[in-house]
Structure formats: structure tokens, C-alpha cells
Amino acid sequence: MPGGRLTQQERQQIALGLADSLPYAEIARRLDRPTSTITREVMRNGGPTAYRADLAHRATERRAHRRRPAPSRGAGSVPQPHGRDAEAVAEYEETLTTVLMASGLTKMTARVLTCLFTTDAGSLTASQLAQRLQVSPASISKAIAFLESQSLVRRERDERRRDRYVVDDELFYQATIAGARSNDQLVETARQGVAILGPHTPAATRLENIARFLDFISESITRAAEQAREVLHTKPETTSNDTAQPSPDHG
């Protein structure tokens, strides 16, 4: 059934779909499953190039067996504000983490970013992140350092002089602009190669075409980001029924 656990036969179909280079959405359609289910299944079991149906099935059985004695603490037991379903939130966080991993982030970095994205405050301290994710402060520090280098998280001090890590309205804009500008060095280096390899040679033409392509992409991304910037500042609409005060995030 679409909402149940994947069967071994379904995992074999996933493996066949990956071997045929089918996109996750097409594999999901054939199995009548959400695309996020297929993405999560593949990424947690070696990725598209290393996925093995038999190994994935055994790994899932082992995880299910370990989970049977439910832990006293975990994502599902964290009190949720706004009447949210804790199980649904935990499932969504796992899905978002998997999608972020598919975009190139390491698992820990993706987990930290997911944690920040899904907290209403949009910021947490290192100790709060470590507590929520049940990992060491060193793991959090390493993940945060990478996210800061990519302009995906910024650091600020709170009233107790603690570092807080923030995802706010501007960060995705800044990360997009930084990503577009990261092409500049490759463009410059490609054009250096044109001069060295000699104009009008096949190799130089190839490098010049790469430079022109990246120039065009960078300009298009920058222009689109400027035009769409205000979307990141859209606030939720409130109604007369919104009388309850939002619950604070639990660290």
C-alpha cells in the first residue's frame, strides 16, 4: 500500500529503475508512492549508484528491530507547538534532510539545516542543536562552519552572550548570489586557457563556450534573485481567529 513500508519487491523495482536511469518521480509513479519516499529510500541506502535492493531491505529490517523498544527521548517525543503531530514532523524532517543530502550536503550538515528550517524561531544555539539531534557539540561545530562558509547560516549573540545560529529571510538570497559569483573564477580560468591553448583551436573554443555559458547562467541567476528577493520576506497572513500566542521552540 502507498502508505505502508516498502516491500522487497518494491525495492527490486527501485533498483531496476535506477539501473535504467529513471528519475525518482517516475519510479515513484510506477510504484504509486510519494517521490519523497523513493528519494529517502535511495539516499539512506548508498545513493543512486550504490543502491542494492537486498541490502536495503535487510538494513531496514535491522533499523525496525532496533526501534521496537521505543527510546524515552527522541524527535517524536519532543513537545510540538501549534498542535503539530510529532510523528508527522519527524517524518517530514527526515524527508527534508534526505532531499538536502541529494543536493550535495553531508548528512550532519543537512540535519542541522533541517533543524533550523523547521524551528519557528529560525535560530538555535549549539547546545540546543546538539540536544535535538543527539550528537556531539563537535559535530555541530563542523556542520555550522560549512553552512556559514556557504552563506546558509549566520551567527549572532543573544542576550546571554551565547552564539545563536540563524536562518533568516535574507540568507537564501545571499547564498544564491554567492553561488552565482562562485562561477567567476572558473570563467576567468577558462578564458586564460583560451589564450594559452591558442584562439580558434578546438580546445580553446570549448573553454570559451564554457566561459560564455557560465557567464550567462550567473547573470540570469543574479537577475532572477534580485527580482524574487521580496518573496523571501512574505509574512503569513493572520486572521481574527489567530488569538493564541505561538508556543516557544523547545531546545
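Here my numbering is used: position 104 in the sequence shown is 1477, and no number is missing along the way. Yeah, the Cβ is synthetic: ideal placement off N, Cα and C, and Gly gets one too.
- [ ] Would you kindly work out how many angstroms separate the C-alpha atoms of Pro1510 and Ala1499, rounded to a whole number?
- [x] C-alpha of Pro1510 to C-alpha of Ala1499: approximately 7 Å in a straight line.
Open item on the list: For a test of the three-state rule: what should DSSP assign to Arg1535, helix, strand or coil?
Closed with: Three-state DSSP puts Arg1535 in coil, outside helix and strand.
- [ ] Ignoring anything shorter than 4 residues or poking outside the stretch 1383-1413, list the alpha helix (DSSP H) runs there in chain order.
- [x] Listed in chain order, the alpha helix (DSSP H) elements of length 4 or more contained wholly in the stretch 1383-1413 are 1397-1404.
Open item on the list: Going by DSSP in three states, Glu1529 sits in which element: helix, strand or coil?
Closed with: Glu1529 falls in the strand class under three-state DSSP.
Open item on the list: Here's the rule: buried if 16 or more other CB atoms are within 10 angstroms of the residue's CB, otherwise exposed. What is Ser1394?
Closed with: Classification of Ser1394: exposed, given that the 10 Å Cβ count is below 16.
Open item on the list: If you reduce the DSSP assignment to three classes, tell me which class Leu1497 lands in.
Closed with: Here Leu1497 sits in strand by DSSP.
Open item on the list: Taking 8 Å as the cut-off, does the stretch 1473-1485 touch the stretch 1501-1508 (at least 3 CB pairs, one atom from each stretch)?
Closed with: Enough Cβ pairs lie closer than 8 Å, so yes.
Task: N-terminal and C-terminal residue of the alpha helix (DSSP H) that Arg1484 is part of - done: First-last of the alpha helix (DSSP H) with Arg1484: 1480-1490.
Open item on the list: In this structure, how does DSSP classify Glu1543 when only helix, strand and coil are distinguished?
Closed with: Here Glu1543 sits in coil by DSSP.
Task: Unbroken alpha helix (DSSP H) run spanning Gly1477, endpoints - done: Careful: Gly1477 lies outside any alpha helix (DSSP H) and carries neither H nor E.
Task: Cut-off 8 Å between Cβ atoms - residues of its own chain near Ser1591, not counting five sequence neighbours on either side - done: Excluding residues within five positions, the ones whose Cβ falls inside 8 Å are Ala1553, Arg1554, Asn1556, Asp1557, Val1560.
Open item on the list: Just to confirm before moving on: does the CB-CB distance between Ile1517 and Tyr1546 stay below 8 Å?
Closed with: Taking C-beta atoms as the reference points, Ile1517 and Tyr1546 fail to come closer than 8 Å.
- [ ] Compute the beta-carbon to beta-carbon distance between Tyr1397 and Ile1411, rounded to the nearest angstrom, for a pair I have assumed lies under 8 Å.
- [x] The C-beta distance from Tyr1397 to Ile1411 rounds to 5 Å, short enough to fall under 8 Å.
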